[in-house]
Amino acid sequence: MQFWRNLNNKGRILLLLLTSLVLLNTIVLVTTHTLKRLSHSFTSMLNDRLVPSTDLALVQGYCYQNRLYLEDLVYHQKPERLLAEISRNNGLIDSTFLGYKKTYLTAEESEHADAFVKALERYRQHELRILSRLQVQLNRAPDAGQAAASGDEAVNLFYGESEAAFANMISELHQLSGIQLLVGKTLYEHTGSQLFLLRAVAYCSLCISLLVAVHLLRVLGIKPTVVFGK
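Numbering (our numbering), first residue to last: 1406 to 1635.
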């Protein structure tokens, strides 16, 4: 306060302007840094959470489709269309999940992603076994007894180890979806804190601007007046 009193009006004005300049640059730096982090958070939410969540939903949908197609093959034998659909879906599962693995994954996500790939391989082995048993019926084997036995074996495989392998595979997908949701919520909360910081900086800059304006008016000896029209 003593330093302030010893300054003349020009010195006080200069000090206020320098203080305003320093505070303004500080606010700009803080805001720029926060906006960069906010932009990174939104980009991460889109590229590493929203898009991968869609990929997981697509993979899960293709898996269920193939399971239904396989069941339809076991009971209704419609090979031409269903075999092609199963093959197409398997290709889509592989390409979609490969894209998912290229996104940012936590250590836990990487672990479950590898577990899903292994579970998928095990299920496809059962799938191939079922299709090979059905091949006798699909080719219309002359031995009706052999065809019926192969059909019964395919049904038993479908509801036996194949069903357990499918459940394990879907369980890994559910685990990945749960982690996606948890990490997404964490990113959302982090984004909320950054928005709060931006609001705080905006309010502080407004208050500082008002204080500087008041001091400048006092130094200049200007008293604000309100003129009302007659």
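Glycine included, each C-beta is placed from N, C-alpha and C at the ideal position.
Counted within 10 angstroms of its Cβ, other Cβ atoms place residue i as buried (16 or more) or exposed
i     : result
L1503 : exposed
Q1585 : buried
L1419 : exposed
H1481 : exposed
A1489 : exposed
Cβ of residue i within 8 Å of any chain C Cβ
i     : result
R1486 : Protein chain content of the structure displayed is limited to a single chain, and chain C is not contained in it.
Reference residue i, options the options, closest by Cα
i     : options                    : result
I1613 : I1432, Y1467, G1416, I1418 : I1432
Q1580 : T1439, T1437, R1442, Q1465 : Q1465
E1476 : L1422, Y1564, S1492        : Y1564
Y1474 : L1587, N1573, E1532        : E1532
L1578 : I1491, T1459, V1619, L1423 : T1459
T1508 : Q1540, L1455, S1567        : L1455
F1571 : R1486, L1510, F1601, Q1530 : Q1530
Through-space distance from residue j to residue i, alpha-carbon basis
i     : j     : result
A1559 : G1496 : 23 Å
R1534 : Y1528 : 10 Å
L1622 : D1453 : 52 Å
H1438 : L1426 : 18 Å
E1526 : I1575 : 13 Å
E1516 : G1583 : 14 Å
V1435 : G1597 : 16 Å
E1514 : A1520 : 10 Å
A1618 : L1592 : 39 Å
Y1643 : L1429 : Since the first and last residues shown for the chain are 1406 and 1635, residue 1643 lies out of range.
A1462 : Y1469 : 11 Å
A1518 : L1536 : 27 Å
Simplified DSSP assignment, three categories, for residue i
i     : result
G1565 : coil
Y1505 : helix
L1426 : helix
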